[in-house]
Amino acid sequence: MKWGQGGDAPVFEYAEVTSMVVPFTHLNLKSAYSPNWGIHSPETLCATARQMCMDTLALTDRNGLYAIPRFIQAARDVGIKPIIGAEAITDRERAVLLAEDDEGYANLCRLLSDLHEEEGFNLAAAVNRYRQGLIVISDDGPFLTALRHYSPERLYVELSPGHALHRALRLARELGLPTVATSRAVFLEEKDLHLHRVLRAIHLNTKLSRLKTEDTASGEDRLFSPGEMAEHFAHCPEALENSRLIAERCKTDWDFSRTIFPAYRDLSHQEVAAELEKRARQGAIRRYGSIDSKVEERLQKELSIIRSKGFSHYFLVVEEIVRQSERTCGRGSAAASLVAYCLEITHVDPIRHNLFFERFLNEGRTDPPDIDIDFPWDERDQVLDFAFKRYGAKRAAMVANQVGFKGRAALREVAKVYGLTAVEIKEMTERISGFWKADQAAGAVMGHPLFKGEALRPDWQEIMATAQMLKGHLRHLSLHCGGLIIVPDEIRRYVPVEQSRKGYAMIQWEKDQAEDSGLVKIDILGNRSLAVIRDAMAAVERNRGVTIDYASWQPLEDEATRNLLRSGRTMGCFYLESPSIRLLLRKIWGEAPPAETLSLDIFEVLVQSSSIIRPAANNFIREYVARLKGKEWHSPHPLLDEVLAETFGIAIYQEQITQIAMALADFSPFEGDQLRKIITKKHREKKLADYRKLFFAGGQRKGVPADTLEAIWEQILSFAGYSFCKPHSASYALVSAKAAYMKAHYPAEFMAAVISNRGGYYSTFAYLSECRRLGITILPPDINASSICYTGCGKTVRVGLMQIEGLTESAASTILREREQRGAFTSFGSFLQRLAITQSDVQRLIKAGCFDGLEGMEKRPALLWQLLHFHKQSQASCLLFQESIPLPSPPPYDETMVLRQETESLGFLLSRHPLTLYRQQWLRHNPVQGRHMLKYAGKHVTMIGWWITTKTVEDKHGRPMEFISFEDTTAIFDTTFFPDFYAKFCRRLSQSRPYLLRGIIEEEFGVATLRVRWVSFLDS
801 MKWGQGGDAP VFEYAEVTSM VVPFTHLNLK SAYSPNWGIH SPETLCATAR QMCMDTLALT
861 DRNGLYAIPR FIQAARDVGI KPIIGAEAIT DRERAVLLAE DDEGYANLCR LLSDLHEEEG
921 FNLAAAVNRY RQGLIVISDD GPFLTALRHY SPERLYVELS PGHALHRALR LARELGLPTV
981 ATSRAVFLEE KDLHLHRVLR AIHLNTKLSR LKTEDTASGE DRLFSPGEMA EHFAHCPEAL
1041 ENSRLIAERC KTDWDFSRTI FPAYRDLSHQ EVAAELEKRA RQGAIRRYGS IDSKVEERLQ
1101 KELSIIRSKG FSHYFLVVEE IVRQSERTCG RGSAAASLVA YCLEITHVDP IRHNLFFERF
1161 LNEGRTDPPD IDIDFPWDER DQVLDFAFKR YGAKRAAMVA NQVGFKGRAA LREVAKVYGL
1221 TAVEIKEMTE RISGFWKADQ AAGAVMGHPL FKGEALRPDW QEIMATAQML KGHLRHLSLH
1281 CGGLIIVPDE IRRYVPVEQS RKGYAMIQWE KDQAEDSGLV KIDILGNRSL AVIRDAMAAV
1341 ERNRGVTIDY ASWQPLEDEA TRNLLRSGRT MGCFYLESPS IRLLLRKIWG EAPPAETLSL
1401 DIFEVLVQSS SIIRPAANNF IREYVARLKG KEWHSPHPLL DEVLAETFGI AIYQEQITQI
1461 AMALADFSPF EGDQLRKIIT KKHREKKLAD YRKLFFAGGQ RKGVPADTLE AIWEQILSFA
1521 GYSFCKPHSA SYALVSAKAA YMKAHYPAEF MAAVISNRGG YYSTFAYLSE CRRLGITILP
1581 PDINASSICY TGCGKTVRVG LMQIEGLTES AASTILRERE QRGAFTSFGS FLQRLAITQS
1641 DVQRLIKAGC FDGLEGMEKR PALLWQLLHF HKQSQASCLL FQESIPLPSP PPYDETMVLR
1701 QETESLGFLL SRHPLTLYRQ QWLRHNPVQG RHMLKYAGKH VTMIGWWITT KTVEDKHGRP
1761 MEFISFEDTT AIFDTTFFPD FYAKFCRRLS QSRPYLLRGI IEEEFGVATL RVRWVSFLDS
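Following this line, the structure appears as structure tokens:
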């Protein structure tokens, strides 16, 4: 065995397994997928077992099959036969359960589901209920006695070093049951025990020093070699032999590759295929008016593949779910399907926009693709409720997220069990926020500019080293953001199910293992922008009597919408509002677009622009803009002329990986799609190297020069990390265009909806600044005019009660209900008489200025006295006589107090821009205004700014740098802190302060940014 560099997993040189010297198989083994217990990955365990010349291995994680698909693949990769099992553990009972056959596997899934879902679960009763096909191993006397009463078949007493061997042997004799040897393996080496103890302390929320022996595994729970096991069981060789006999009885040729589709209304395959074709043709007529030869050819091609792959049921189930909402966005690769477009699952025409169907489904594809559907975020749960009601909890379940330890959370948890104080932990985790990851060593922290000149204490070095080792350990499950699985019969025969906190059934696998096991998911996702568009449309209809027909709406036919998009004024417009995409749109078009770009198809450019913004594509973006603006270009090779024609000779979309490989290296559609998948996945090095050889060999056979192949391969590699397929970006571009239309024509209603639905790229403060730039007046919260949400009308936006810090939902709802039923409040006194809400809620309303319209700002101190007096009177209302006390008449608050209350109540200054408080200071520096930056291109300037948003990245040498968007009172502008200056000033880059910036204004394609060389503050 060789160990990799820097703590990597071991690299094994495998010996050929010829014979087993000792007849022994490990039947009780825990991986890192035993929550808060196991240490090593299935891959490491299988590789180690193979190194020990084992040919069969069982994985028996605690109370779950959390890693079974991954374990089966890992075992096969090293030539080991996998046995599926689990250790079921309750407060009173424990047993190792092994699946002897398919029925045993289904029963194991059912039993584990019951363990997680049933109150008062009884393991012995459950094992008896699901006994068929299960081999049961335990040293739990009462449990074995209960089962022995019914049948001794496939029932064994477990003997394990360090676990009362003599007592277990006596139990076996008393019950007349055979014994079997296990090592309850958790560890590979002695040092693993420390990490195990850390996991246990985290789970039990205690310190390492207080951890009890009975709460951890025994130091003997190791993956012993067969020879070592023989030494432990010299007195009981039959227990070793039985382990081998059990292994031979268990199924090991597991095949999870068969795709398991939902069933639509119990129709046969022939009936459902005919129904799908009928609906697709009806939809084609709705979409196109008639079916021409191009549509007919595409329909026949897609329907043929869908039928052959058994996908007809799936399409109709998705269509049924989609119809539960008026506004949806079908996205992902499924948007390349004409059938999906005709069923109104998706809304982008795949023929008009040249969408590549094979990215979604092709003849060679063996894994099931899924369809992603966005619903308005606040309608998603209703849609899920419909799906569970329609298909039943027996057939439907959600995909899980397997939550582990990441970044700051890992560091925080380890530091807690080491006994550090909450203050120390918070200070460290806040400093490393945004750059430290749990798989980085302590050296990565000390090498960062934020820690320049400091020495990391030894205890923190050990804590960071330990946190680094927690990567890949399962902590618990959570609900996936949208993955719904529907099977034709019973979900619990395919995979164990648990209950999520929201009450939905949830399988034990994350999306990748679910996909590898043939389970087809439907992604039902919440999208805030769809809710923004819905709410803005409703406000426009309510305020102006204008109704927009969502189904027939073509926003890009509108000139004002196109102009807004070209100018990059897209704050609030979903998918197009980040600083990088706004800068790119301005570089392509700007305020006065040249003829070369004005003639471009705006929809295609939006799709391309939103796709090319990815981490590894920076080198290509500048060239892309130049080509859009008329620079002469050629594709990298004539064989790629057609593939790259629409993207100006640059690979932008994921499916172009497939198309390039097909055109240049004679890959099949399946091989090309596999290459695309490998590029975008983690842990891809070996497979990627294999595909690189195939790519270069294929290209050389077609006469493509090696340097050309190398350059194209670099473009392919730029898709690593995250990247997008064209159908996905096209679907979102359509939503973006609708948002842009609303902003161009109804900015107040639109911006109010953006803020009310939360979750945009920017803060509420930044969106309100954008409102002011649009000429909209911001009105403060008002007890008679404010709704819970922000409201927009004409040229005003009114702050909603939702913005008031600490105001309870019940108080806000009570206010609105009272107004609707009995009309506006006429005074503060009438408000107090009409409503019974808490004193603290009323105080928050006063400080937020909600009664200024009724009583005047100057009366805020008096209102607080009146409130106090009212509540004292209410408490004394049972007394027969009440003393009338004259209330004081306090002076109005000064401006400083009013502004402080505003900030405390709303979270920011509303009545003015915070920079205006420092006007005298900034005038001394004669700063350049944000809106005039382009006039000073190439010059050293001083600017002032308020922090808006940031993105920290690394340059090609791994050095940190930062892009920060600031705003002054005239514009939002973008700055760059390159590594040298980031290292110098990174400790000053806190957020809510008035910045004084000096640097050079750089111009590219008519867009100005500030390259910062010096930082200070106006308030210092």
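Counting in the working numbering, the sequence shown tops out at residue 1820, every number present. Using N, Cα and C, we set each Cβ at its ideal position, and we do this for glycine too.
Work out the CA separation of residue j and residue i for me, nearest whole Å.
i: L1116; j: L1076; result: 7 Å
i: P1393; j: S1367; result: 9 Å
i: E1262; j: Q1268; result: 10 Å
i: R1598; j: V1122; result: 34 Å
i: L1699; j: A1783; result: 35 Å
i: H1032; j: D992; result: 21 Å
i: I839; j: D861; result: 11 Å
i: L1383; j: S1410; result: 12 Å
i: I1225; j: R1212; result: 6 Å
i: R1572; j: F1805; result: 27 Å
i: I1637; j: A1611; result: 6 Å
i: F1496; j: T1591; result: 59 Å
i: K1094; j: G1503; result: 34 Å
i: R1079; j: L1099; result: 12 Å
i: E1158; j: N1418; result: 28 Å
i: E1048; j: I883; result: 10 Å
i: H994; j: P842; result: 20 Å
Specify, as a first and last residue, the run of the beta strand (DSSP E) that residue i falls within.
i: W1814; result: 1807-1817
i: Y1304; result: Y1304 -> no beta strand (DSSP E), and no H or E assigned at all.
i: I937; result: 934-938
i: R1207; result: For clarity, residue 1207 is Gly in the given sequence; the question names Arg instead. Run containing G1207: none in the beta strand (DSSP E); it sits in the alpha helix (DSSP H), 1207-1217.
i: F777; result: Given that the chain is displayed from residue 801 to residue 1820, the structure contains no residue 777 and the question cannot be resolved.
i: R1131; result: 1129-1131
i: D1774; result: 1772-1777
i: Q1299; result: 1297-1299
i: R1598; result: 1596-1598
Using C-beta distances below 6 Å, list every residue in its chain close to residue i, excluding the 5 sequence neighbours before and after it, in chain order.
i: A809; result: Note that A809 has pLDDT 38, beneath the 50 cutoff, so the model's placement of it is unreliable and the number below is only indicative. Closer than 6 Å at the Cβ level, and outside the excluded window around A809, lie T844.
i: D901; result: G933, K1051
i: S1125; result: F1175, E1179
i: F1024; result: S983
i: G1472; result: T1458, A1461, M1462
i: V1642; result: L1667
i: P1026; result: V822, F824
Since residue i sits in a beta bridge, which residues does DSSP pair it with?
i: M1743; result: L1797
i: K1756; result: For K1756, which the question treats as bridged, DSSP gives no partner whatsoever.
i: E1038; result: DSSP, once it has assigned bridges, lists no residue as partnering E1038.
i: N1201; result: S1278
i: Y1424; result: According to DSSP, which records beta bridges pairwise, Y1424 is partnered with nothing at all.
i: K1751; result: F1763
i: D861; result: A886
i: R1660; result: Per DSSP, none; premise fails for R1660.
Where does the unbroken alpha helix (DSSP H) through residue i begin, and where does it stop?
i: D1473; result: 1469-1479
i: S1380; result: 1379-1388
i: Q1182; result: 1180-1191
i: L1321; result: The sequence given here has Lys at residue 1321, not Leu. Looking at the DSSP string, K1321 is not in any alpha helix (DSSP H); the run it does join, the beta strand (DSSP E), is 1321-1327.
i: K881; result: Unbroken run through K881 is the beta strand (DSSP E), 881-889; no alpha helix (DSSP H).
i: C1525; result: That residue, C1525, is in no alpha helix (DSSP H); it is neither H nor E in DSSP.
Whose C-beta lies closer than 8 Å to the C-beta of residue i among residues of the same chain, with five residues either side of it excluded?
i: L1635; result: T1614, I1615, E1618
i: I1291; result: K1194, R1195, A1196, A1197, I1285, V1297, A1305, I1307
i: A1331; result: P1176, W1177, D1178, E1179, A1553, N1557
i: Q1500; result: A1506, L1509
For residue i, is the beta carbon positioned less than 7 Å from some heavy atom of the ligand FMN?
i: T1716; result: Because no ligand of any kind appears in the structure shown, any question about the ligand FMN cannot be addressed here.
To which residues of the same chain is residue i closer than 7 Å at the C-beta, ignoring the five residues directly before and after it?
i: K1543; result: L1364, G1372, C1373, F1550
i: F744; result: Not covered by the structure: residue 744. The range shown for the chain is 801 to 1820.
Just list the beta strand (DSSP E) runs in the segment 1144-1174, keeping only unbroken ones of 3 residues or longer that don't cross its boundaries, in chain order.
None, since the segment 1144-1174 contains no complete beta strand (DSSP E) of that length.
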